[in-house]
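Participant: Supplied in structure tokens, the structure appears directly below.
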């Protein structure tokens, strides 16, 4: 029994460039969406610093407010805000894809799953704002 | 039956963390990161904020708010490093950095929340 | 309308060339012509050695997938006039090794497809004497969309993860796994999950979503994969809480 040599040859492989994600607008949007997670982590760190300042007393907390007013921090927070919004909007729009909910034999349209998410977002934001702002 | 991987747990943490981040971070970032420092809205006093944070509900909220989005970051960033920088062969290093980082953050968060006076 | 349009085609003969190159041809720009017609014009009248796959020329066989101006397309369903004044660049499907000219090696996909066991799995086959399986239209509807896949591999060309990670199962294979998982006649959900819940099965997917965008049959493989992730996670939780539950 002769051994079988694989033919045709394996073929020419095109090497994927490190900048593959610049090749299509859709890929760039995807990478930006993924990088929003870095700014999520940044804000968590900012919040931990805030809790740390709360523990340190009124003086430490005042110093932390000063830190937050630093133009570099403000700029970072502005950028983070846009990225967080991007994360939230893409998240709520994509979440229905994972849930194939069927009612009465027909698939519930994606928007009917996305809208309650947006509503929850609004309600949660209003509640947090009210709790924080009432002083 | 081959041993099933633990990816579902990591994906679950990523998903829940993503929901927490999407629902709560925008308003927090807007208030504490922009509106108060820039003077658009009156910031709450130190005492008011402490009162919110020190109650049991406040502590649990802070734990959820800080820990879950970190695991969301860990999972997402791990795959971004795999795909973006094509360093999947360094996956041991990447996993340690990402999930290890999230665990460290969780420990720090727990320590801080427990020590709120 | 202009008489002609430039067609730039990838040429690669493994016995002669080290790397692929581009060759340009002028083809007639006819209102009703698709890119496949242009390729066949070249093969019939200009250069008979141009190699490419095609069959049904009506978008149901999945043979003629190629990159047209950087987008994965079925060349039998892509009109030349959409690219006027041209040129139209036709390249082999991305993320697959190039065998010759516009022909790619799809053995990897075929291996992954058989790995997901795309057939009805039953614990015990129903004997013929017991009659046919019964399925309501609603039960059919749960998996119908995923059954529309023609294995054209445009989704694999669009998926950056498949290009970067050789172990990833890929959109079409996973959509077809889900097609059988959702089929009321199938009992193989657990068996497929064992195979696909490994790290290189479904978990490589980062929901870029381009696979769904390019699919010519609107299969929505991205949706199938996300649903599968949810199912796999539910199964994992269940096996954690009820390890005695046994295979479902």
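Residue numbers (my numbering), protein chains in the order written: chain E, 1 to 135; chain B, 136 to 252; chain X, 253 to 500. Note that CB positions come from ideal geometry on N, CA and C, so glycine has one too.
(1) Please state the DSSP three-state secondary structure of residue 276 of chain X.
(2) Starting from the C-beta of residue 285 of chain X, find all residues in its chain whose C-beta is less than 6 Å away, skip the five residues before and the five after it, and write them out in chain order.
(3) What is the DSSP secondary structure of residue 256 of chain X, reduced to helix, strand or coil?
(4) Which bits of chain E does residue 166 of chain B rub up against, with CB to CB less than 7 Å?
(5) If I measure Cβ to Cβ from residue 107 of chain E and keep anything under 8 Å in the same chain, skipping five residues before and after, which residues do I get?
(6) Run through DSSP, which three-state label would residue 437 of chain X get?
(7) Kindly indicate which residue of X/263, X/386, X/321, X/399 has the alpha-carbon position closest to the one of residue 300 of chain X.
(8) By how many angstroms is the C-alpha of residue 445 of chain X removed from the C-alpha of residue 489 of chain X?
(9) Since residue 397 of chain X and residue 471 of chain X are thought to touch, with beta carbons under 8 Å apart, how far apart are those beta carbons, to the nearest angstrom?
(10) Just tell me which of X/453, X/328, X/256, X/271 has its CA closest to the CA of residue 366 of chain X.
(11) If you draw a straight line from the C-alpha of residue 312 of chain X to the C-alpha of residue 423 of chain X, how long is it?
(12) Roughly how many angstroms separate the alpha carbons of residue 371 of chain X and residue 435 of chain X, rounded to a whole number?
(13) Going along chain E, which residues have a C-beta under 8 Å from residue 481 of chain X?
(14) Check the Cβ of residue 214 of chain B against every Cβ in chain X and list those closer than 7 Å, keeping chain order.
(15) Taking 8 Å as the CB-CB cut-off, is residue 277 of chain X touching chain E?
(16) Can you check which of these residues, X/316, X/378, X/416, X/455, is closest to residue 16 of chain E by C-alpha distance?
(17) Using a Cβ-Cβ distance under 8 Å, would residue 162 of chain B count as near chain E?
(18) If the criterion is Cβ atoms closer than 8 Å, does the pair residue 459 of chain X and residue 476 of chain X meet it?
(19) Here's the rule I'm using: 16 or more other beta-carbon atoms within 10 Å means buried, otherwise exposed. How should residue 239 of chain B be labelled?
(20) Give a yes or no on whether the C-beta atoms belonging to residue 146 of chain B and residue 270 of chain X are separated by under 8 Å.
(21) Reducing DSSP to helix, strand and coil, say where residue 103 of chain E ends up.
(22) Nearest-angstrom Cα distance between residue 419 of chain X and residue 368 of chain X?
(23) Helix, strand or coil for residue 345 of chain X per DSSP?
(24) Give me the Cα-Cα distance between residue 63 of chain E and residue 245 of chain B, rounded to the nearest whole angstrom.
(25) Shorter than 8 Å from the beta carbon of residue 114 of chain E to some beta carbon of chain B?
(26) What does residue 175 of chain B touch in chain E if you count any residue whose Cβ is under 9 Å from its own?
(27) List the residues of chain B that residue 285 of chain X touches, going by C-beta distances under 9 Å, in chain order.
(28) Is there at least one non-hydrogen atom of the ligand MG closer than 7 Å to the beta-carbon of residue 87 of chain E?
(29) Counting only Cβ pairs nearer than 7 Å, list the residues of chain B close to residue 58 of chain E.
(30) Let me make sure I understand the geometry here. Which of X/337, X/342, X/409 has the alpha-carbon closest to that of residue 255 of chain X?
(31) Where do the ends of the beta strand (DSSP E) carrying residue 227 of chain B lie?
(32) Nearest chain B C-beta to residue 265 of chain X closer than 8 Å, yes or no?
(33) Report the residues of the stretch 25-41 of chain E with a CB closer than 7 Å to any CB of chain B, ordered along the chain.
(34) When the Cα atoms are used, what is the spatial distance from residue 348 of chain X to residue 431 of chain X?
Facilitator: Concretely, from the data shown:
(1) strand
(2) 332
(3) strand
(4) 129, 132
(5) 100, 101
(6) coil
(7) X/263
(8) 14 Å
(9) 6 Å
(10) X/453
(11) 18 Å
(12) 10 Å
(13) 98
(14) 458
(15) Residue-level contact check: residue 277 of chain X does not touch chain E, since none of the beta carbons of chain E fall below 8 Å from its beta carbon.
(16) X/416
(17) yes
(18) No, these two residues do not count as a Cβ contact at 8 Å.
(19) exposed
(20) no
(21) Strand at residue 103 of chain E.
(22) 13 Å
(23) Correct three-state label for residue 345 of chain X: coil.
(24) 23 Å
(25) no
(26) Per Cβ cutoff of 9 Å: no residues; residue 175 of chain B is ~11 Å from chain E at best.
(27) Under the 9 Å cutoff, chain B gives no residues; its nearest Cβ is about 38 Å from residue 285 of chain X.
(28) This structure lacks the ligand MG; in fact it carries no ligand of any kind.
(29) Those are 181, listed as they occur along chain B.
(30) X/337
(31) Here residue 227 of chain B belongs to no beta strand (DSSP E); instead the alpha helix (DSSP H) covers 226-249.
(32) No, residue 265 of chain X does not count as interfacial toward chain B.
(33) 31, 34, 35, 37, 38, 40, 41
(34) The C-alpha of residue 348 of chain X lies about 24 Å from the C-alpha of residue 431 of chain X.
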